[in-house]
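S.K.:
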Amino acid sequence: MRNSLFQLPDELVLTALAQAFSCRSFQLRSLATLLHPDAAPCQNVVLYGTEATGKSAITAALLARLEASEDDRSPDGDSRLRFAIVNSVECITSRHLFESVVGKVAQALRWHGPSSSRCETVSQLTVELSKMLKYAPRPDGFRFVLVFDGIDRQREAPPTLLPALARLAEIIPCITSVFVVTSPPANFLHTAFAPHIHFPNYTKPEFVAIVTAGGPPPGAPALPNTTPEEAADLWARFAAAVHDALARAATRTLPAFRHACDALWPRFTAPVVAGTRGAREFSKLLIAARAHFQDESLLDPGIIVAARPPSAAPAPPTAIPGGSNSITPQASSKPHTSDLAALLPTTARLLLLAAYLASHNATRHDLVLFSTHHHGRRRRRGGLSVGVGRGAGPGRSKHRKIARKLLGAHAFVLERMLAIFAAVRGEWDGRYVSREGGGLVDGMDTDIGMAMATLASLRLLVRVGGGAGGDAMDRGGKWRVNVGWEMVRALGRSMGVEVEEWLIE
Amino acid sequence: MAEIEDNTVFQQDDHRAAYIFSAPSSEDQHHHAASSAARPTKRRRVSSKKDGSKSRQQTAAAAGEETAAARSAFTPLFNGAESPDAVRLRAESFETAWPVLDARIQHVLREANRNTLDEVTSFIGNAEAETTQIPAGIIITGPNIASQDLLFEQLADTLCKATQARFVRLRSAEAPNLKAALKKIIKDAGASGRDDDDDADDDDETGLSVGKDGRKYLNYDLETLHVALGANESPRVIVAFQDSEAFDSGLLTDLIALFHSWHDRIRFSVLFGIATSVQLFQARLLKSTARYLYGAQFDVVQAGSVLESVFKSAVAGSQAMVRLGPSLLRNLVERQQDQVAGIQVFISSLKYAYMCHFYANPLSMFLAADGHVDRQLLQPEHTQAVRTLGSFKAHVERAVEARQLNHAQSLLDDDSYLVDQILKQGQRRQDHVMRLLRSLHLITAMGILSTPFTDLYISALAEGIDLSSDMFAVVDPIKRLGPDGIISLIRRIVSAIETGSPELDLPGWESEADELMAALGEIRDEVETLVERTKDNRNPLKSKYGAQNKVLRTTVVAQKVQLSRDTATLTEEDNAFTKAIDSLADILSQHIHCDPAESLFLHEAWLYDSKSPYRDVFIPRPATTFGRALTRPHDYLGCACCGNAGGAVASTLPATAILYHLYLEAGALINVADLWSAYYASVGDESELGLDERTALVHFYQGLAELRMMGFVRQSKKKADHVAKLKWL
């Protein structure tokens, strides 16, 4: 049987796989050649390419098929090809990686020998693998393929990890290590030549071909008055249009493209379902659905995908009439704005605003903003509006800096924030004044401490500096506000405060 | 014996508002040292005595034991003159009153979450079929972290039952990093299943981490969980992140990616408890991570409506024995809106009010169930206490005004007459509460006022219910109603009377309201016949109060515009309708009426309206307390030497207090040498105290260290030999 030195793997296997993974037959054949015991097995193989280009899936499928065909060839169990795939995402530490490797290899080889409990370093890994692969009797031409999936994302990886793994084959000759990475730096294995197989992103015809092969989303109902051929044709043209509209610019991965197609399809075919247009009128359909193609929420669907269960009969996404601005069941339509103002009680809101002022005003302006010394009422200088109005002269515009509120938040001392809080509380909270008889209560009570702790646990206020783990009520501690301008402005308006008036550029 | 006395003194001291520390003078330092040395032995002896008494009590009746227990918890009032039976009665009344309410409150809270629970359960159950992503229930819980616990506990119960899944609750404090989080997930998810099969608990450690083939797993390896759950057909694990905001976003991302990677072997679902908003939460996740999630948003019942139902059942409900007074209640409710105080704080405030009432008010004894309070129990102190009450005074004055002089005289002079009156008050109280609740229920059933129930109740307590007052202004809106409105209003009132209110624990009182029902029925019949009669007419039936009857008429006379109001002419039927409306309004204002609670005689026995211990306990102000204690230490020390100092510095004050005075006068940075010289000037040789330098220095150091301990000063890096002032407010 094995008369020839070089023999390509069984063509039947490759053809079947090439059909399953369309547009990847070059990579598939190269990989098969480099892995198959009869072809050109090599020590290390690097597969690289951006996400969702089929690296892991093709490797796993190919190895499974090759092993199965080897099993057929020698039914007595002396298969010449075994493999193990270790996914680095699932490995928390490098020790975890090593122990997973040992476990998976033992499982693949159906090894029942004694196993040691610990495997913390690469050398221990080598010892364990040698026990199973090097010294145990194996059939002629035996190859063991060890796939490290996403090894460049391994957590807590020592710097020597990759070169060491690449050298495994020098000690155990029957090993082929496959490294699946995103974009390898040059010579990252620190070893002599290792064949690289590039999985490039798909081109437009490939994208369209793959999506067309998949067919319309299974959930969508069949189009009325349309033959299957017409529907398939419409789907293909539709996929190309979606690619031009979205995929070229933004959704560059296959799953995202597929998701966009699935999401748009019901809206695109709504006129056909409603019977107002035929499936052949592609351009008219396209114009009718133009608004949907410009919908950016498709690109970033967000985490809220499911319609709320209580809205009992789940509105079928296809039941949308041809109107262009009808409400879509997915994303962006429902007002999810359960904003902070409704959630936080008054004190916490005031504290948050005071913290924002403390973070975004310079300390030297505090006297101007909050002092009541001269005027009885606080002099506050207008923020942006006044500043721009006066500083319109030609000389001053050159010195204009970036508005402080556009810069990041600065750290402030807790005592200063509490002082600002005490100063603005009487002015902003009408009920507070009437309740406490107009006088400021000296000192802070526990309610304020509780509000601080709540804001901190919600990460709206963040402790910064060296004493981050220290006492939360330390008056000298440094804090920073962690909400943006938009939210603070909305929060201020919910209490009738224009925060802008209290900011000094 | 001396020690026993000592003990009672300690107990009394425990409950005083301010503790006066009797400073040991230099002579009895020895004595003090001896007593402090003797303290542990005393404790031991007390405990041995307890044992002894216990052995003695074993022979005694169970009732005796109860008495002892009650006596230990509640102290006799009236300076110790209260009889043990009365004390026991107070303790028992508290112990019967509170659990009833507590059970009701818990029921209300659990019911409030039911809707959310059902939604989440059906989502988690169905999401599996719809997607390959990880189902993620995002529950907006609001910022109150304390109330999340109950919700997640219920979720764990329901989901475990409904989906046969393992439920893991993660709090940010328990999962500081990935390893710890995974360990907890594996431990909890593995353990919850192991309860079923009666595997011995002792191999808990080894049993989990060793697989079938003898392979050992790391304790953060999800493979462990996979193997442990392997026996099940389809292992499902639900991981709930209770306070998602507090989790490190990197940790969340890692965990979600890991769950996704394992999703083909272990079916993970996640739940997030979110306090702020989904947008903020989503902004913290990577987009690539967010794509793994198949999310749905769930809202928990708003805190306001939970408060209202707890309020209805526990504060206003007819089962609430103690009525909380209007000012305390207003305070509690406002605190719910203004401060970060969840419903739990409200409930514990309520419980605290009950405790205070029964603990500190000897008259609370009258709240005990009927038959428990009798003449033997009432001591002379009780009658004496009753005579000092404000409500007693008002009652007597009213009696005098009403010319019931004998009654007033007997109240003042005759103890047994007063006791008779006191014993009658229990029924009066119940009548008053019933009247109050029924009136309130009718007003809310009318559906005319949009004021929340809490406000209505509070003002009803404070000012009574009077339909002509501003708070309960329902008469005018009723008068403006049309015939249909009147009929449906009457129908609503009748059904409210028939069914009562389960929330308020108010049964229907149809049988007691014959007169009202009959009158209402009469008016309804009359209006219906009037409607019937005018059906053929073109003009619909109207009353003189109706809005459309006032017609604004413009007439131009001699180039002047005159505006005049005209009332449209009313037909005979309309007049009859107007009369019916008038009588309806009369009947309602006659029946819906209630006096303010404080006008009742002996309301002090059942109305608790004191803010002071509540504020001190629930809203302590450490800063103010420290400041006051340091400014006027003699108020607390009770020593003779500094009493006449007022608020000024005196050399006899403790060193810390003197330093605090100096501290208040200093700027942001304080030179310690200056501070020392100022201090020494006030206590040193020239002063009346005349300390030598070494002693003064020791006191100075001690005082400064104490100031630092209390967080007033801190070592400054800006200038050598200076301390920074930390507290300004």
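If you read the protein sequences in the order shown, they are chains A and B. Taking full-length UniProt numbering, the leading residue of the first sequence gets 1, the next gets one more, and so forth. Taking full-length UniProt numbering, the leading residue of the second sequence gets 1, the next gets one more, and so forth. Beta carbons are placed, not taken as given, at the ideal position from N, Cα and C, and that holds for glycine. Just so we're clear, the structure is a prediction, and the values are computed from it rather than from any experiment.
On a Cα-Cα basis, can you pick out the residue from B/335, B/346, B/128, B/348 that is closest to residue 346 of chain A?
M.R.: To locate residue 346 of chain A, count along the first sequence from 1; it is residue 346. The option with the nearest alpha carbon to residue 346 of chain A is B/335.
S.K.: Using 10 angstroms around the beta-carbon of residue 228 of chain B, count the other beta-carbons present and answer buried if the total reaches 16, otherwise exposed.
M.R.: For the purposes of this step, residue 228 of chain B is taken as residue 228 along the second sequence, with counting starting at 1. Buried, since its Cβ has 16 or more Cβ neighbours within 10 Å.
S.K.: From this set, A/90, A/110, A/30, which residue's C-alpha is nearest residue 82 of chain A's C-alpha?
M.R.: Here residue 82 of chain A is taken as the residue at index 82 of the first sequence, counted from 1. Residue A/110 is the option with its Cα nearest to residue 82 of chain A.
S.K.: Tell me the residue span of the alpha helix (DSSP H) that contains residue 126 of chain B.
M.R.: In the second sequence, the residue the question calls residue 126 of chain B occupies position 126. Note, residue 126 of chain B: alpha helix (DSSP H), 84-130.
S.K.: Here's the rule I'm using: 16 or more other beta-carbon atoms within 10 Å means buried, otherwise exposed. How should residue 342 of chain B be labelled?
M.R.: Taking the second sequence and counting its residues from 1, the one referred to as residue 342 of chain B is at position 342. With 16 or more other Cβ atoms within 10 Å, it is buried.
S.K.: At a Cβ cut of 8 Å, what residues of the segment 704-717 of chain B count as close to chain A, listed as they run along the chain?
M.R.: From the segment 704-717 of chain B, only 711, 714 have a Cβ closer than 8 Å to chain A.
S.K.: Check each candidate in B/707, B/720, B/148 and name the one with the smallest Cα separation from residue 301 of chain B.
M.R.: Stepping through the second sequence from its first residue, residue 301 of chain B is reached at position 301. The candidate whose alpha carbon is nearest that of residue 301 of chain B is B/148.
S.K.: Does the count of Cβ pairs from the segment 138-146 of chain B and the segment 103-114 of chain B closer than 8 Å reach three?
M.R.: No, the segment 138-146 of chain B is not in contact with the segment 103-114 of chain B.
S.K.: Counting only C-beta atoms, is residue 454 of chain A closer than 8 Å to chain B at any point?
M.R.: Residue numbering aside, residue 454 of chain A sits at position 454 when the first sequence is read from its first letter. True, the Cβ-Cβ gap to chain B drops below 8 Å.
S.K.: Among B/288, B/137, B/352, which residue has its Cα nearest to the Cα of residue 731 of chain B?
M.R.: It is not possible to answer for residue 731 of chain B, since the shown part of chain B is limited to 1 through 729.
S.K.: Using three-state DSSP, classify residue 465 of chain B as helix, strand or coil.
M.R.: The count along the second sequence starts at 1 and reaches residue 465 of chain B at position 465. Residue state, collapsed to three classes: strand.
S.K.: Using 8 Å as the limit for Cβ to Cβ distance, is residue 619 of chain B near chain A?
M.R.: The count along the second sequence starts at 1 and reaches residue 619 of chain B at position 619. Closer than 8 Å to some Cβ of chain A, the Cβ of residue 619 of chain B qualifies, so yes.
S.K.: Nearest chain B C-beta to residue 348 of chain A closer than 8 Å, yes or no?
M.R.: Taking the first sequence and counting its residues from 1, one reaches residue 348 of chain A at position 348. True, the Cβ-Cβ gap to chain B drops below 8 Å.
S.K.: So, do the segment 293-312 of chain B and the segment 123-137 of chain B have three or more beta carbon pairs nearer to each other than 8 Å?
M.R.: Short answer: they touch.
S.K.: Residues in the segment 256-270 of chain B with C-beta within 7 Å of chain A's C-beta atoms, listed in sequence order?
M.R.: Hits within the stretch, in order: 257, 258, 261, 262.
S.K.: Which residues in the same chain as residue 74 of chain B place their Cβ atom closer than 7 Å to its Cβ, once the five residues preceding and following it in sequence are excluded?
M.R.: The count along the second sequence starts at 1 and reaches residue 74 of chain B at position 74. Excluding sequence neighbours, residue 74 of chain B sits near 87, 90, 91, 359.
S.K.: For the beta strand (DSSP E) containing residue 671 of chain B, list its first residue and its last residue.
M.R.: By 1-based counting over the second sequence, the position of residue 671 of chain B is 671. From DSSP, the beta strand (DSSP E) with residue 671 of chain B extends over 669-671.
S.K.: Check this for me: beta carbons of residue 24 of chain A and residue 58 of chain A, under 8 Å apart or not?
M.R.: Taking the first residue of the first sequence as 1, we reach residue 24 of chain A at position 24. Taking the first residue of the first sequence as 1, we reach residue 58 of chain A at position 58. In this structure, residue 58 of chain A lies closer than 8 Å to residue 24 of chain A by Cβ.
S.K.: Can we say the segment 84-97 of chain A touches the segment 217-228 of chain B, given the rule of at least three CB pairs closer than 8 Å?
M.R.: The segment 84-97 of chain A, when compared against the segment 217-228 of chain B, does touch it at the 8 Å Cβ threshold.
S.K.: Kindly indicate which three-state DSSP category residue 331 of chain B falls into: helix, strand or coil?
M.R.: As a first step, residue 331 of chain B must be located in the second sequence, where it is residue number 331. Here residue 331 of chain B sits in helix by DSSP.
S.K.: Is DSSP giving residue 133 of chain B helix, strand or coil here?
M.R.: Stepping through the second sequence from its first residue, residue 133 of chain B is reached at position 133. Looking at residue 133 of chain B - three-state DSSP - the assignment turns out to be coil, as it is neither helix nor strand.
S.K.: With C-beta atoms as the reference, is residue 285 of chain B less than 8 Å away from residue 249 of chain B?
M.R.: Residue numbering aside, residue 285 of chain B sits at position 285 when the second sequence is read from its first letter. Residue numbering aside, residue 249 of chain B sits at position 249 when the second sequence is read from its first letter. Closer than 8 Å, so yes.
S.K.: Quickly, what does DSSP pair residue 269 of chain B with across the bridge? List them, please.
M.R.: Sequence index remark: in the second sequence, residue 269 of chain B carries index 269 (1-based). Paired residue(s): B/238.
S.K.: With a 10 Å radius around its C-beta and 16 neighbouring C-beta atoms as the bar for buried, classify residue 727 of chain B as buried or exposed.
M.R.: Here residue 727 of chain B refers to the residue found at position 727 when the second sequence is read from its first residue. That one is buried.
S.K.: Measure from the C-beta of residue 345 of chain A to each C-beta in chain B and report whether the shortest distance is under 8 Å.
M.R.: Stepping through the first sequence from its first residue, residue 345 of chain A is reached at position 345. So yes, residue 345 of chain A belongs to the interface.
S.K.: Report the residue from A/282, A/245, A/247 whose alpha carbon sits nearest the alpha carbon of residue 231 of chain A.
M.R.: Looking up residue 231 of chain A in the first sequence gives position 231. Minimum Cα distance to residue 231 of chain A is reached at A/282.
S.K.: Who does residue 81 of chain A pair with in a DSSP beta bridge?
M.R.: As a first step, residue 81 of chain A is located in the first sequence; it is residue number 81 there, counting from the start. Residue 81 of chain A pairs with A/143.
S.K.: Assess, as a yes-or-no matter, whether the segment 477-489 of chain A is touched by the segment 407-422 of chain A under the definition of 3 or more beta carbon pairs within less than 8 Å.
M.R.: A contact exists between the segment 407-422 of chain A and the segment 477-489 of chain A.
S.K.: Within 8 Å of any Cβ in chain C, is that where the Cβ of residue 121 of chain A sits?
M.R.: Looking for chain C here will not work: the only protein chains present are A and B.
S.K.: Can you check which of these residues, A/224, A/132, A/50, is closest to residue 276 of chain A by C-alpha distance?
M.R.: Here residue 276 of chain A corresponds to residue number 276 of the first sequence, with the count starting at 1. Measuring from the Cα of residue 276 of chain A, the nearest candidate turns out to be A/224.
S.K.: Pop quiz: residue 31 of chain A and residue 65 of chain A are said to be a contact at Cβ under 8 Å. What is the actual Cβ separation, rounded to whole angstroms?
M.R.: Numbered from its first residue, the first sequence carries residue 31 of chain A at position 31. Numbered from its first residue, the first sequence carries residue 65 of chain A at position 65. Their Cβ separation, rounded to whole angstroms, is 12 Å, which puts residue 31 of chain A and residue 65 of chain A out of contact at 8 Å.
S.K.: Please confirm if residue 458 of chain A has its CB atom under 8 Å from at least one CB of chain B.
M.R.: Within the first sequence, residue 458 of chain A is the residue found at index 458, counting from 1. Output row for residue 458 of chain A: interface = yes.
S.K.: From the DSSP output, read off the bridge partner residues of residue 323 of chain B.
M.R.: As a working note, residue 323 of chain B is residue 323 in the second sequence. B/607.
S.K.: Taking a cut of 9 Å between CB atoms, which residues from the segment 330-341 of chain B lie near chain A?
M.R.: Residues 334, 335, 336, 337, 338, 339, 340, 341.
S.K.: When we look at the beta-carbon of residue 442 of chain B and count the other beta-carbons within 10 Å, is it buried (16 or more) or exposed?
M.R.: As a first step, residue 442 of chain B is located in the second sequence; it is residue number 442 there, counting from the start. By the neighbour-count rule (16 or more Cβ atoms within 10 Å), residue 442 of chain B is buried.
S.K.: Identify the continuous beta strand (DSSP E) that holds residue 299 of chain B and give its terminal residues.
M.R.: As a first step, residue 299 of chain B must be located in the second sequence, where it is residue number 299. Here the beta strand (DSSP E) through residue 299 of chain B covers 293-299.
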